[in-house]
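Since the structure comes first, as structure tokens, the remarks are kept for the end.
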Amino acid sequence: MTDASPVLGLLLDVDGPIASPITRSIQVPSIARDLVELANGGVPIAFNTGRSDAFIRAEVLPQLIAGGLSGDARVWAICEKGAVVARITPAGFGEIDVDGSLALPPEYGEAIRDLVSTSYDDLVFFDETKRAMVSVEQRMDVSAEEFAARREAFDSDAAAQLTAHGLGYEWGDDTVLDASGATPFRIDPTIISTDIESVRLGKDLGASKFLALLEADGAGMPQSWRTLGDSRTDYAMADWLHGEGHDVVHVDVRPADGVPETPYPVRHHSTLIHDDAGALYLAAWVRMLRGEATDDQAVR
Numbered sequence: 000m001t002d003a004s005p006v007l008g009l010l011l012d013v014d015g016p017i018a019s020p021i022t023r024s025i026q027v028p029s030i031a032r033d034l035v036e037l038a039n040g041g042v043p044i045a046f047n048t049g050r051s052d053a054f055i056r057a058e059v060l061p062q063l064i065a066g067g068l069s070g071d072a073r074v075w076a077i078c079e080k081g082a083v084v085a086r087i088t089p090a091g092f093g094e095i096d097v098d099g100s101l102a103l104p105p106e107y108g109e110a111i112r113d114l115v116s117t118s119y120d121d122l123v124f125f126d127e128t129k130r131a132m133v134s135v136e137q138r139m140d141v142s143a144e145e146f147a148a149r150r151e152a153f154d155s156d157a158a159a160q161l162t163a164h165g166l167g168y169e170w171g172d173d174t175v176l177d178a179s180g181a182t183p184f185r186i187d188p189t190i191i192s193t194d195i196e197s198v199r200l201g202k203d204l205g206a207s208k209f210l211a212l213l214e215a216d217g218a219g220m221p222q223s224w225r226t227l228g229d230s231r232t233d234y235a236m237a238d239w240l241h242g243e244g245h246d247v248v249h250v251d252v253r254p255a256d257g258v259p260e261t262p263y264p265v266r267h268h269s270t271l272i273h274d275d276a277g278a279l280y281l282a283a284w285v286r287m288l289r290g291e292a293t294d295d296q297a298v299r
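The numbering of the sequence shown is numbering that gives the first Met the number 0, which starts it at 0 and goes up by one.
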């Protein structure tokens, strides 16, 4: 690796484009191999995810190490939508930095743990690995249809617990103020989970933290960026980068949610979704790194 600016930088959501939303693990063999080649070739990579650092350590890190991740690679896990940051090395995780100002009160987490155990343990499990967010996740033995049908009932109960604890929040079209007139938290449902989190968290926060890490690292800033996600909230990565004047293209691996109008290019495959599409784009970026293509032309 050199100090020259890398041709590319990657900000990657994990659930969907990297890990299968069905098995919740990396299933496509080429994904880890291509991630390692990109990282070892000088491309800085951040897994910008709502997942916990424990999930990345269990499901992503071993495959990168097994694939031969270099000690020079610049790879970070930016977890819980920006609340938790750690560098990924061949030796494992570096020091884990947790922004405690973004965490929910512990007693609220206890209330949601109790809510799951008494009313929803046949639908979801409480994610014990989160450090700042409070999350529940669809059980593996529950169908997507059943989860979708009952998620709103859980979200309503989670909102009631926020009110009971005097916490302001946003949920869909609802806004509830706390005693100070603020709404510091939000309820964010996904296709396999519900996250209750600070309104300051988001994929844009993760993007800003990643660039700060790269600047502190002292190596060159990428000439161009690719962001990869499977939900509308993932567009915030590209929104932030574009707003800061960076050249960026976003890839949406689940465009069925709708592709918004953006001031930057958005790409998606005509038939492939989730990690199958993610694998295709990673392979295209490997070809860019090798100089075999000037852009991800094969998957426009």
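We put the CB at the ideal spot given by N, CA and C, even for glycine.
Report task. For my contact list, Val123 and Glu136 are in at a C-beta cut-off of 8 angstroms; report their separation, rounded to the angstrom. Result -> Under the criterion of beta carbons closer than 8 angstroms, Val123 and Glu136 qualify as touching, at roughly 6 angstroms.
Requested in this report: Take Tyr119 and list the residues in its own chain whose beta-carbon comes closer than 6 angstroms to its own, dropping the five residues that flank it on each side.
Outcome: Phe153
Query - Residues bridged to Leu9 (per DSSP) - result: Ile44 and Arg225
Query raised in the report: Which whole-angstrom value describes the C-beta separation of Asp156 and Leu114, a residue pair presumed to lie in contact below a C-beta threshold of 8 angstroms?
Result: With a Cβ gap of about 6 angstroms, Asp156 and Leu114 count as contacting.
Report task. Report all residues from its chain with a CB closer than 6 angstroms to the CB of Val248; omit the five preceding and five following residues, and keep chain order. Result -> Arg225 and Pro264
Query raised in the report: Helix, strand or coil: which one does DSSP assign to Ile17?
Result: Three-state DSSP puts Ile17 in coil, outside helix and strand.
Query raised in the report: Are the C-beta atoms of Ile55 and some chain B residue less than 8 angstroms apart?
Result: No chain B is part of this structure, which consists of one protein chain only.
Requested in this report: Buried or exposed for Ala45, please, with buried defined as at least 16 other CB atoms from any protein chain shown within 10 angstroms of its CB.
Outcome: By the 10 Å Cβ count, Ala45 comes out buried.
Report task. Give me the Cα-Cα distance between Val83 and Ile95, rounded to the nearest whole angstrom. Result -> 7 angstroms
Query raised in the report: What are the uninterrupted segments assigned as alpha helix (DSSP H) that are 4 or more residues long and contained completely in the stretch 89-129, given in chain order?
Result: 105-114
Query raised in the report: Excluding sequence positions up to five away, which residues of its chain have a Cβ less than 6 angstroms from the Cβ of Val74?
Result: Ala38, Ile44 and Ile87
**Report entry** Exposure label - Gln222; buried when at least 16 CB within 10 Å
**Finding:** exposed
Query raised in the report: Of the residues Asp126, Pro183, Gly49 and Pro262, which one's Cα is nearest the Cα of Trp239?
Result: Pro262
**Report entry** DSSP three-state assignment for Ile64, whether helix, strand or coil
**Finding:** helix
**Report entry** Given Glu323 as reference, the closest of Gly70, Met287, Ser207 and Ile21 once Cα atoms are compared
**Finding:** The structure shown does not extend to residue 323, since the chain is modelled only from 0 through 299, so no value can be given for it.
Query raised in the report: Would Asp274 pass as a contact of Gln26 if the rule is Cβ separation under 8 angstroms?
Result: yes
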